[in-house]
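Under numbering that gives the first Met the number 0, the first residue of the sequence shown is numbered 0, with each subsequent residue one higher.
Virtual Cβ for every residue (Gly too), placed ideally from N, Cα, C.
These numbers come from a predicted model, not from an experiment.
This report concerns only the one structure given below.
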Amino acid sequence: MSGQRVAKMTTAAIIVAAGRGLRAGGGLPKQWRDLAGQPVVAHALAAFVGMTRVLVIHPDDRAMAEAVAGDAMIVHGGASRAASVRAALEALENSGTTKVLIHDAARPTVSPALIARVVQALDHAQGAAPALPVTDALWTGADGRVTGTRDRTGLFRAQTPQGFAYDAILAAHRAHGGDAADDVEVARAAGLDVVMVAGDEANQKLTFREDFARAAQALNLTGARMDIRMGNGFDVHAFCEGDGVWLCGVKVPHGKALLGHSDADVGMHALTDAIYGAMAAGDIGQHFPPSDPQWKGADSRIFLTHAAEMARTRGFAITSADVTLICERPKIGPHAVAMRQALASIMGIDVDRVSVKATTSERLGFTGREEGIAALASAVLVAL
Ligand code: MG
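Below, the structure is given as structure tokens:
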């Protein structure tokens, strides 16, 4: 052991992934099936990153576990759920753990807020677990027929992670012996007090095939796995003689024109570079070299079309674009709506996702002296 000691993380998370449930289809236990590009277990592990993590598995799943475990400890489970949890608890002995969260791998959409509620409740209780009140009517039934109703008052749906004072739950599991539905049952059998914290409807347990589509959607909606790319662009063109300037796809009458190899649409160039930038895909000069005579006097919509198509081809949606033109004149305001519409139509997105605005530079600098126009742009791309 080296002299340097890393500060101990005192909260541990046990991810229980030892089950063999095949009801969800796919020929693999559900926790190893793919969800939004990764095994379900990987999502559950990621939710507890930063804690000491223990992944409890069936020995047959060792190779799959090693591929996703990262710095998590891998422990082989036992014949029952309780035996699996106990094996993980035993593995944490002498690790300095004071609080432990026990979570079913089949709940991969658990939120940071829910985890925090459980951890915080453990400051004042030996056990804490998320629960949701039962809101649907409850029936008994047999042979496809309703045979009775049940009062739902005081009934709750149990979720995980269930959190406990480590020493107390280890002792409870050692004393318990047999199997149990969950760790709250084990804790209560040992006389531990367990408080309920607010559960989360999105923290659903994957059981059936349909649950996977819902969970994948939830992962995207929460942004937990959303791949968002942001890029910016900047461009300048000098004035020259002429009777108008092309700005963001609109010809604006003016006593001058803009000088450039193409039509010198400075706003569209900045936006095109922002889209390339978001994809780390170079810039306009790289895709359309100024040395190439075929781009002389080119309509800049060719460039923006190329960038937008590249984004689509790579699986991105352009979700917003924002262009700022910097000049004393011409006045941009009267043309801003037409510019937004022109850019939106080239990119194939809604006009309310495209902003064009302008500012002067208070007569300072080259734009203030009306020697040229500068443009800034940003674009946000989201992987589909
Ligand atoms: Mg340019």
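{"Asked": "Given this structure, state the Cα-to-Cα distance separating T159 from G281, to the nearest angstrom.", "Found": "46 Å"}
{"Asked": "Just to confirm, is the Cβ distance from A390 to V322 under 8 Å?", "Found": "Only positions 0 to 383 of the chain appear in the structure, and residue 390 is not among them; the question remains open."}
{"Asked": "Can you find at least 3 beta carbon pairs, one from the segment 312-331 and one from the segment 370-379, that sit closer than 8 Å?", "Found": "yes"}
{"Asked": "Answer yes if the segment 291-300 comes into contact with the segment 248-267, meaning at least three C-beta pairs across the two stretches below 8 Å, and no otherwise.", "Found": "yes"}
{"Asked": "Just to check, is the beta-carbon of P259 closer than 7 Å to a non-hydrogen atom of ligand 1?", "Found": "A quick correction: the sequence has Gly, not Pro, at residue 259. At least one heavy atom of ligand 1 is nearer than 7 Å to the Cβ of G259, so yes."}
{"Asked": "What residue from A124, P129 and T206 has the CA that sits closest to A112's CA?", "Found": "P129"}
{"Asked": "Closer than 7 Å: is that where the CB of V265 sits relative to any heavy atom of ligand 1?", "Found": "yes"}
{"Asked": "Alpha carbons only, please: which of G36, A35, E327 and G18 is nearest the one belonging to P28?", "Found": "G18"}
{"Asked": "Report the residue from V15, S360 and R144 whose alpha carbon sits nearest the alpha carbon of R328.", "Found": "S360"}
{"Asked": "In chain order, what residues of the same chain have a beta carbon less than 6 Å from the beta carbon of A343, not counting five sequence neighbours either side?", "Found": "V350 and V353"}
{"Asked": "Among all the DSSP beta bridges, which residues are the ones paired with W138?", "Found": "T148"}
{"Asked": "What residues in its chain sit with their C-beta under 7 Å from that of H305, if we drop five residues either side in the sequence?", "Found": "H286"}
{"Asked": "Shorter than 7 Å, the distance from the beta carbon of D33 to the closest heavy atom of ligand 1, or not?", "Found": "no"}
{"Asked": "Assign M229 to one of two classes, buried (16 or more other C-beta atoms within 10 Å of its C-beta) or exposed (fewer than that).", "Found": "exposed"}
{"Asked": "Using beta-carbon positions only, say whether I114 and A46 come within less than 8 Å of one another.", "Found": "yes"}
{"Asked": "Thinking just about the alpha-carbon of each residue, which of D33, R80, H42 and A66 is nearest to the one in V15?", "Found": "R80"}
{"Asked": "Write down every uninterrupted run of the beta strand (DSSP E) in the segment 270-331 whose length is 3 residues or greater and which is fully enclosed by it, in chain order.", "Found": "315-325"}
{"Asked": "Just reading off the alpha helix (DSSP H) that P111 is part of, what are its end residues?", "Found": "P111 to A120"}
{"Asked": "Would you identify the three-state DSSP class for K356, choosing helix, strand or coil?", "Found": "strand"}
{"Asked": "Can you give me the Cβ contacts of G198 inside the same chain, cut-off strictly under 6 Å, excluding the 5 residues immediately before and after it?", "Found": "P129, A130, L131 and Q158"}
{"Asked": "Under 7 Å from any heavy atom of ligand 1, does the C-beta of D262 make it?", "Found": "no"}
{"Asked": "In chain order, what residues of the same chain lie with their CB nearer than 6 Å to the CB of T271, ignoring the 5 residues before and after it?", "Found": "I283, F302, L303 and A306"}
{"Asked": "Under the DSSP definition of a beta bridge, which residues are partnered with V251?", "Found": "V244"}
{"Asked": "What does the alpha-carbon distance come out to for the pair T51 and I317?", "Found": "38 Å"}
{"Asked": "Could you spell out the range, first to last residue, of the alpha helix (DSSP H) harbouring T169?", "Found": "Residue identity differs from the one stated: residue 169 is Leu in this sequence, not Thr. That run of the alpha helix (DSSP H) goes Y165 to H175."}
{"Asked": "Alpha carbon to alpha carbon, what distance is there between A337 and L363?", "Found": "28 Å"}
{"Asked": "If you follow the alpha helix (DSSP H) that V379 is part of, which residue opens it and which one closes it?", "Found": "Note, V379: premise wrong, no alpha helix (DSSP H); beta strand (DSSP E) at G371 to A382."}
{"Asked": "Could you tell me which of T366, V265 and V235 sits nearest to S299, measuring between CA atoms?", "Found": "V265"}
{"Asked": "Using only Cβ atoms and a threshold of 5 Å, which residues come within that distance of a heavy atom of ligand 1? Order them by chain position.", "Found": "D234 and H268"}
{"Asked": "May I ask you to report which of helix, strand or coil DSSP gives D182?", "Found": "helix"}
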